[in-house]
Amino acid sequence: MKRNFFIIGGGVAGLSVAYALLRQGQAVTVADHRQPGQSSWAGAGILCPLLPWDYEEAVNRLAFEGMRAWPDWAAALAREGIDAEYWACGMEVVAEGLDSDAALAWCRQHDFPAGQLSENRLWLPDVAQMRNPRLVTALSTAVISLGGAILPERKITDLHMKDGRAVAALAGQSEYVADVFVWAGGAWAGQVLGGMAPVPNTRPVRGQMLLYAPGSHTLKHIVYRHDGLYLVPRRDGHLLAGSTVEDVGFDAGTTPEILHQLHKAACDLLPELCGHRPVRSWAGLRPGSPNNIPVIDRHPAYDNVWVNTGHFRYGVTMAPAGSRLLVEQMLGLSPHIDPAPYSWQAALGRSWQ
Ligand SMILES: Cc1cc2nc3c(=O)[nH]c(=O)nc-3n(C[C@H](O)[C@H](O)[C@H](O)COP(=O)(O)OP(=O)(O)OC[C@H]3O[C@@H](n4cnc5c(N)ncnc54)[C@H](O)[C@@H]3O)c2cc1C
6 MKRNFFIIGG GVAGLSVAYA LLRQGQAVTV ADHRQPGQSS WAGAGILCPL
56 LPWDYEEAVN RLAFEGMRAW PDWAAALARE GIDAEYWACG MEVVAEGLDS
106 DAALAWCRQH DFPAGQLSEN RLWLPDVAQM RNPRLVTALS TAVISLGGAI
156 LPERKITDLH MKDGRAVAAL AGQSEYVADV FVWAGGAWAG QVLGGMAPVP
206 NTRPVRGQML LYAPGSHTLK HIVYRHDGLY LVPRRDGHLL AGSTVEDVGF
256 DAGTTPEILH QLHKAACDLL PELCGHRPVR SWAGLRPGSP NNIPVIDRHP
306 AYDNVWVNTG HFRYGVTMAP AGSRLLVEQM LGLSPHIDPA PYSWQAALGR
356 SWQ
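The numbers in the working numbering rise by one with no breaks, and the one at position 247 of the sequence shown is 252.
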């Protein structure tokens, strides 16, 4: 049965659900209070948890499903018009301070390909990347080309409820009637939307990033240092260096000291960058959640309101699998992975350490 879905939030989480619903023949409208994709734009686009053995099974299950789905997902998006620049470039882990033997044993146990380049360097060949600004354009383009509607600069302030169900989303004087609503507000999902309970424990976590111009390096794969620094070369020769993990509320600005430290750390990791200045810097807000486990579930108070948020550091990696899981639940299909860890109830039991 074809139903009208109204998605609040046009980041990767909202747009990927819209795309999945449209491919199932549903009618979809996406509203965003700014331009869609404006915050998902900021990420590095590494398609893997950093580092998987540091995370709980619930993170890796969704992330690995996403990683397996990504090549076909990227190809399907490209057929709708925009290439998100998926690139299976591999990742080198500079492992000083890391127990390499334990990490390699974890990889063997989890069937996750890994090798040792030298005493302190691991190689993870299955780690891929894509380019965030291209991904959000690819998703928006696909949504439109499959018949969906995207409403920019539409801040939803309330949901009109009747008999325990949402009947319309409200933005200023405008009212959007739909059968089903999806709350994909990213870093804002922990705020109250009208009378609805906020998604438990979700909060913004800032990340700052530097960009170097083509010609500044010869790197052809991702490099991740165990203290959290990564370098991501793009196919056109640009290079990203990131990122910070900062608890500063909704402040999405950059700070000169941190950018300076990032630049110094990047030069330390890749000496050929010394003498080159970053050509651009920015910051983004991640939808933070305890243990990096998202909420992909029905809202506990309303039958026809669903939630897809809290993917924190891995919203892009998880996008194909997370959107599929939500759509399976909304359409009454068998879920391809166990939804229990991503339930609202499970999120209530987790807290920030
Ligand atoms: C620096 C940085 C590096 C990252 N690197 C990676 C990486 O390498 N790999 C990876 O997988 N992930 C990475 N991420 C994480 C990833 O980008 C996020 O998990 C993902 O973008 C979150 O998407 P989202 O749609 O949930 O949230 P958002 O992109 O924040 O989208 C939410 C949207 O909801 C809208 N909204 C909020 N409230 C309302 C309202 N009331 N009405 C209408 N619209 C509303 C907002 O305007 C926003 O556009 C990184 C993030 C950052 C910041």
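Quick reminder that beta carbons are idealized off the backbone N, C-alpha and C, glycines included. Quick caveat, the model's predicted, so the values are computed rather than measured.
Ligand 1 heavy atom lying under 6 Å from the CB of residue i
i: Arg291; result: yes
i: Asp37; result: yes
i: Ile13; result: yes
i: Met96; result: no
i: Tyr60; result: no
i: Tyr2; result: The structure shown does not extend to residue 2, since the chain is modelled only from 6 through 358, so no value can be given for it.
i: Ala89; result: no
i: Ile342; result: no
i: Gln43; result: yes
i: Thr146; result: no
i: Ile298; result: no
i: His165; result: no
i: Trp193; result: yes
i: Val214; result: In the sequence as presented, Val is not what sits at residue 214; that position holds Met. Checking the Cβ of Met214 against ligand 1 gives yes.
i: His304; result: no
i: Ala18; result: yes
i: Ser248; result: yes
i: His160; result: Correcting the residue type first, residue 160 is Lys in the shown sequence and not His. Yes, Cβ of Lys160 sits closer than 6 Å to a heavy atom of ligand 1.
i: Gly190; result: yes
i: Gly48; result: yes
i: His316; result: yes
i: Thr322; result: yes
i: Ile51; result: yes
Backbone secondary structure at residue i - three-state DSSP
i: Trp46; result: helix
i: Asp163; result: strand
i: Arg8; result: coil
i: Ser105; result: helix
i: Tyr347; result: helix
i: Gly293; result: strand
i: Ile13; result: strand
i: Val253; result: coil
i: Val197; result: coil
i: Ile87; result: coil
i: Ile359; result: This structure leaves residue 359 out entirely; the chain is present only between 6 and 358.
i: Leu267; result: helix
i: Trp92; result: strand
Opening and closing residue of the beta strand (DSSP E) in which residue i lies
i: Glu180; result: Ser179 to Val182
i: Glu97; result: Met96 to Val99
i: Ile227; result: Ile227 to Arg230
i: Ala36; result: Ala32 to Ala36
i: Arg211; result: Arg208 to Tyr217
i: Ser123; result: Gly120 to Ser123
i: Val204; result: First-last for Val204: undefined, no H or E at that position.
i: Val132; result: Run containing Val132: none; DSSP gives neither H nor E here.
i: Phe186; result: Val185 to Trp188
Residues that residue i bridges to, as DSSP identifies them
i: Ile301; result: Asn313
i: Leu274; result: Leu274 pairs with nothing; no bridge assigned.
i: Ala171; result: Met166
i: Tyr235; result: Tyr229 and Gly247
i: Arg126; result: Val99 and Ser123
i: Leu52; result: Ala133
Terminal residues of the alpha helix (DSSP H) in which residue i lies
i: Pro157; result: Premise fails: Pro157 is in no alpha helix (DSSP H) and is neither H nor E.
i: Tyr24; result: Val17 to Arg28
i: Trp75; result: Glu62 to Arg84
i: Gln334; result: Gly320 to Met335
i: Val284; result: That residue, Val284, is in no alpha helix (DSSP H); it is neither H nor E in DSSP.
i: Pro138; result: Asn137 to Ser150
Contact with chain B by residue i, beta-carbon distance below 7 Å
i: Glu61; result: Absent from the structure: chain B. Only one protein chain is present.
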